[in-house]
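**Student:**
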DNA sequence: TGTTAGCACTCATTCCCATCGAGTGCTAAT
DNA sequence: ATTAGCACTCGATGGGAATGAGTGCTAACA
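Chains as they are written, first to last, in our numbering: chain A, 1 to 343; chain B, 1001 to 1343.
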């Protein structure tokens, strides 16, 4: 038992993890025997458990309680599990069904998907809408709302729409707005939004613009329209975690709800997933957010063509049903990719 | 003490209510004496309290605890208070500041305002976005996303934007889409969205359309674009209620979070406020939602010109700081009205 | 050498019970 | 009408004792 990880102890560890995932209570040596097919005496199992504890896979809340898996244990479990399981048929159908319904407002899709993730997984669903900047510019429109107020509408290739009200110092007639839009659409066609921003700055400095008020105005407007924006996160199903026994005490619960209100932290965590395509898993402190202690995050990326659009996932307790949730997240990401596909 | 409501008992009741609002603990007879300027013996106060209890203004959790105000008491308190207090200067400034910042995306304004309400009141902020149907139609655009996919954008007078992706059975060239939009914009100009819906149905039945594929298509498209929609609710600051002592027990808390996920119920409650302009207050069971037991809702309507657009408000425990919150809600509604004002 | 039975030990949980004290209601005096 | 006095109620607090789940260790066994 040099490396400590002979098949038997591995199997016992797995039993403990799965038991704990379903019961949320420390597992004792005799409980394992009954669950675990192998006929071993509790004493033997205790020996194994002691070893596993020493190796950092188990921890005991106190002397006379059973053992609880550590983050290290979950990590091992997840790594050996990841490729194995496929998605449950019932869940797959449910996801397909919900995705096909989500056909409304483009932003609405993300909320829908988030809700779906939460209801299928029974944890919290999270979707980071595509950072608008990485989208490809398609079209811009200006609509005159009042004498000094226009509505700028910006549409990306994928069909997401951003709109903003701009207050003007002086009136601009509708025909001029149209000309401005045409001009902008012609020079910005096919660029990504972030390229668009650069292009506008460059354009404003160019000789030709200096002497054309209309164009200068147009550029200034578009700059306002583009300013800030993106990075919306949809978190749904917060009520789901209320039922988890580990959050029965109010203090822990508060912590989580506060964490979910701090969307900026989550955003940067999700952003870091953008770089790594496919499924990503953060177990407890692996996220390096102490507000996420005791929680795990499973994410996957959805893409369009060659560029990654965004991230979606599920947040739950470290004691999460990884075996079920990983395929759910994976499959949902694929479905969303297909849903957003532009010919 | 025939009617039981001589000035003295009224004053005592008020003291109890205010004390309870700030401490959340049952108030005893001697506690009142010290808080209340009037020099009366605890025994006398007890007599008064017994009367107030008999009249239904007070309740005692058990024999040896103090008294707690009933909903009836809060109602009396609120009714006699409503007109009296103005808004705190600090809070007014905070509201102005936050409102002036909220200048982005039109829908974003509602979320911002909701957040602001929650942070200023320390309870939950709630904003029901204008039911799109009651808006006045301004303009419709079709943007071709792919060979069988178009994006319909619908803009209302107030500048709110609704967009929807429509899947087609056959391709429609961009020029035709433009003509369709022009046609629709010409016949729908100035109608409310709900009138628009009716108009489209009528138009589709008309003789002239029967033989014009293009127009028929346009109408069908616009119908899809208008379908469903509206009725979004923004609830922010749920974490605020975690700190309230009355929700220290997890069961109660769950109930509330579940209630906030059931937005449809809330929506119909808020809708009923639309009819009554100005501030509306629902104390506990007055909302007729049992999910709102123990909670109060203070709302006000925001308007544009003559038609009411929507409702905003604050949700908190029945033990709410009515004196502070009522002016906050009132003032915020006025600010939002001004913010959405279209010349 | 790995496995197992036996056993003493630990420690959270539960229940009981005595105490405490805040607050009441009632009665009688002012 | 007000108040002092007093017995009474009842939740909250805290200290054991009993319970029992589960452990670690030792010694016996295959």
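We put the CB at the ideal spot given by N, CA and C, even for glycine.
1) Does DSSP put residue 1024 (chain B) in a helix, in a strand, or in coil?
2) Please list the segments of the beta strand (DSSP E) lying wholly inside the region 133-166 of chain A, counting only runs of 3 or more residues, in order along the chain.
3) Any beta-carbon of chain B closer than 8 angstroms to the one on residue 292 (chain A)?
4) Given this structure, state the Cα-to-Cα distance separating residue 1061 (chain B) from residue 1243 (chain B), to the nearest angstrom.
5) Is the CB of residue 1252 (chain B) under 8 angstroms away from at least one CB in chain A?
6) Rounded C-beta distance between residue 1281 (chain B) and residue 153 (chain A)? I'm assuming under 8 angstroms.
7) Which chain B residues are close to residue 242 (chain A), counting only those with a beta carbon under 9 angstroms from its beta carbon?
8) Show which residues of chain B have a CB atom less than 9 angstroms away from the CB atom of residue 239 (chain A).
9) Find out if the Cβ-Cβ distance for the pair residue 1144 (chain B), residue 1167 (chain B) is shorter than 8 angstroms.
10) Assuming the contact rule is C-beta atoms closer than 8 angstroms, residue 193 (chain A) and residue 156 (chain A) should be a hit. Round their C-beta distance to whole Å, please.
11) Could you tell me which chain B residues have their CB closer than 7 angstroms to the CB of residue 139 (chain A), listed as they occur along the chain?
12) Which residues share a DSSP beta bridge with residue 109 (chain A)?
13) For a contact meaning CB atoms closer than 7 angstroms, what does residue 267 (chain A) contact in chain B?
14) Determine contact between the region 254-266 of chain A and the region 170-182 of chain A, defined as no fewer than three beta-carbon pairs at a distance below 8 angstroms.
15) By DSSP, does residue 1125 (chain B) sit in helix, in strand, or in coil?
16) Could you give the residue range of the alpha helix (DSSP H) that holds residue 1327 (chain B)?
17) Hey, could you find the ends of the beta strand (DSSP E) residue 1279 (chain B) is sitting in?
18) What does the alpha-carbon distance come out to for the pair residue 1116 (chain B) and residue 1331 (chain B)?
19) Identify whether residue 1032 (chain B) lies in helix, strand or coil by the three-state DSSP scheme.
20) Can you check whether the C-beta of residue 1161 (chain B) is within less than 8 angstroms of a C-beta belonging to chain A?
21) Can you confirm whether residue 1113 (chain B), when its beta carbon is compared against all beta carbons of chain A, has any partner nearer than 8 angstroms?
22) Would you verify that the beta carbon of residue 1193 (chain B) is, or is not, closer than 8 angstroms to some beta carbon of chain A?
23) Is the beta carbon of residue 1234 (chain B) sitting closer than 8 angstroms to the one on residue 1106 (chain B)?
24) Applying the 10 Å Cβ sphere with the 16-neighbour rule, what's the burial state of residue 1162 (chain B)?
25) What residues from chain A crowd round residue 1155 (chain B), counting only those whose CB sits closer than 7 angstroms?
26) For residue 177 (chain A), which residues of its own chain have a beta-carbon under 7 angstroms away from its beta-carbon, when the five flanking residues on both sides are left out?
27) On the DSSP bridge list, what partners appear for residue 1317 (chain B)?
28) Could you tell me whether any Cβ in chain A is nearer than 8 angstroms to the Cβ of residue 1106 (chain B)?
29) With DSSP as the reference, identify every bridge partner of residue 1120 (chain B), one or two as the case may be.
30) Who are the Cβ neighbours of residue 232 (chain A) in its own chain at under 7 angstroms, not counting the five residues just before and after it?
31) Under 8 angstroms by Cβ, that's how I've got residue 327 (chain A) and residue 86 (chain A) pegged, so tell me the actual separation to the nearest angstrom.
32) Near residue 1122 (chain B), what residues of its chain come up, given a Cβ to Cβ distance below 7 angstroms and the 5 sequence neighbours on each side ignored?
33) So, does the CB of residue 165 (chain A) fall closer than 8 angstroms to a CB anywhere in chain B?
34) Would you please state the rounded distance, in angstroms, between the beta carbons of residue 1269 (chain B) and residue 1287 (chain B)? I believe it to be under 8 angstroms.
35) Could you compute how far the alpha carbon of residue 1309 (chain B) sits from the alpha carbon of residue 1273 (chain B)?
**Tutor:** With the given structure in hand:
1) Within the second chain, residue 1024 (chain B) is the residue found at index 24, counting from 1. When DSSP states are grouped into helix, strand and coil, residue 1024 (chain B) belongs to the coil group.
2) Here the runs fully enclosed are 137-146, 149-156.
3) In the first chain, residue 292 (chain A) corresponds to position 292, counting from 1. The Cβ of residue 292 (chain A) sits no closer than 8 angstroms to any Cβ of chain B.
4) Within the second chain, the letter at position 61 stands for residue 1061 (chain B). Within the second chain, the letter at position 243 stands for residue 1243 (chain B). Going from the Cα of residue 1061 (chain B) to the Cα of residue 1243 (chain B) covers about 22 angstroms.
5) The residue given as residue 1252 (chain B) occupies position 252 in the second chain. No, because no Cβ of chain A sits closer than 8 angstroms to the Cβ of residue 1252 (chain B).
6) Within the second chain, numbered from 1, the residue matching residue 1281 (chain B) stands at position 281. Within the first chain, numbered from 1, the residue matching residue 153 (chain A) stands at position 153. So it is not a contact: roughly 39 angstroms between Cβ atoms.
7) The sequence position of residue 242 (chain A) within the first chain is 242, counting from 1. Simply 1250, 1253, 1254, 1257, 1258.
8) Position 239 of the first chain, counted from the first residue, corresponds to residue 239 (chain A). Chain order gives the chain B residues near residue 239 (chain A) as 1254, 1257, 1258, 1260, 1261, where near means a beta carbon separation below 9 angstroms.
9) On the second chain, residue 1144 (chain B) is found 144 positions in, with the first residue counted as 1. On the second chain, residue 1167 (chain B) is found 167 positions in, with the first residue counted as 1. Cβ distance not < 8 angstroms, so residue 1144 (chain B) and residue 1167 (chain B) don't count as in contact.
10) Position 193 of the first chain holds residue 193 (chain A). Position 156 of the first chain holds residue 156 (chain A). Contact holds; Cβ gap of about 7 angstroms.
11) Numbered from 1 along the first chain, position 139 holds the residue referred to as residue 139 (chain A). 1143, listed in chain order.
12) The sequence position of residue 109 (chain A) within the first chain is 109, counting from 1. As computed with DSSP, residue 109 (chain A) is found in no beta bridge at all.
13) In the first chain, residue 267 (chain A) corresponds to position 267, counting from 1. Counting only Cβ-Cβ distances below 7 angstroms, residue 267 (chain A) has no contacts in chain B at all, with the closest Cβ about 16 angstroms away.
14) Touching, no.
15) As a working note, residue 1125 (chain B) is residue 125 in the second chain. Collapsing the DSSP output to three states places residue 1125 (chain B) in a strand.
16) Residue numbering aside, residue 1327 (chain B) sits at position 327 when the second chain is read from its first letter. Where residue 1327 (chain B) is concerned, the enclosing alpha helix (DSSP H) stretches over 1322-1340.
17) As a position in the second chain, residue 1279 (chain B) is number 279, starting the count at 1. Segment: none, residue 1279 (chain B) is in no beta strand (DSSP E) and carries neither H nor E.
18) Within the second chain, numbered from 1, the residue matching residue 1116 (chain B) stands at position 116. Within the second chain, numbered from 1, the residue matching residue 1331 (chain B) stands at position 331. In this structure, the straight-line span from the alpha carbon of residue 1116 (chain B) to that of residue 1331 (chain B) is close to 12 angstroms.
19) Within the second chain, residue 1032 (chain B) is the residue found at index 32, counting from 1. Residue state, collapsed to three classes: helix.
20) To locate residue 1161 (chain B), count along the second chain from 1; it is residue 161. Interface with chain A (8 angstroms Cβ-Cβ cutoff): residue 1161 (chain B) is included.
21) As a first step, residue 1113 (chain B) must be located in the second chain, where it is residue number 113. Chain A, which has no Cβ nearer than 8 angstroms to the Cβ of residue 1113 (chain B), makes this no.
22) Start at 1 with the first residue of the second chain, and residue 1193 (chain B) comes out as number 193. Not one chain A Cβ lies under 8 angstroms of residue 1193 (chain B).
23) Numbered from 1 along the second chain, position 234 holds the residue referred to as residue 1234 (chain B). Numbered from 1 along the second chain, position 106 holds the residue referred to as residue 1106 (chain B). Not a contact, by the Cβ cut-off of 8 angstroms.
24) Looking up residue 1162 (chain B) in the second chain gives position 162. Under this definition residue 1162 (chain B) is a buried residue.
25) Numbered from 1 along the second chain, position 155 holds the residue referred to as residue 1155 (chain B). Chain A residues near residue 1155 (chain B): 143, 151.
26) As a position in the first chain, residue 177 (chain A) is number 177, starting the count at 1. Within the same chain, Cβ atoms closer than 7 angstroms to the Cβ of residue 177 (chain A) are found at 142, 144, 150, the five residues on either side in sequence being excluded.
27) Translated into positions along the second chain, residue 1317 (chain B) becomes position 317. In DSSP, residue 1317 (chain B) forms a bridge with B:1295.
28) Taking the second chain and counting its residues from 1, the one referred to as residue 1106 (chain B) is at position 106. Yes, residue 1106 (chain B) counts as interfacial toward chain A.
29) Here residue 1120 (chain B) refers to the residue found at position 120 when the second chain is read from its first residue. Beta-bridge pairing by DSSP links residue 1120 (chain B) to no other residue.
30) Here residue 232 (chain A) is taken as the residue at index 232 of the first chain, counted from 1. Here the set comprises 129.
31) The residue given as residue 327 (chain A) occupies position 327 in the first chain. The residue given as residue 86 (chain A) occupies position 86 in the first chain. Between residue 86 (chain A) and residue 327 (chain A) the Cβ distance is about 6 angstroms, and since that is below 8 angstroms, they are a contact.
32) Taking the first residue of the second chain as position 1, residue 1122 (chain B) is located at position 122. If we look at residue 1122 (chain B) and ignore the five residues flanking it on each side, its Cβ neighbours are 1240.
33) Taking the first chain and counting its residues from 1, one reaches residue 165 (chain A) at position 165. Among the CB atoms of chain B, one or more fall inside 8 angstroms of the CB of residue 165 (chain A).
34) Your numbering for residue 1269 (chain B) matches position 269 in the second chain. Your numbering for residue 1287 (chain B) matches position 287 in the second chain. 6 angstroms between Cβ atoms; contact.
35) Within the second chain, residue 1309 (chain B) is the residue found at index 309, counting from 1. Within the second chain, residue 1273 (chain B) is the residue found at index 273, counting from 1. One Cα belongs to residue 1309 (chain B), the other to residue 1273 (chain B), and the distance between them is close to 11 angstroms.
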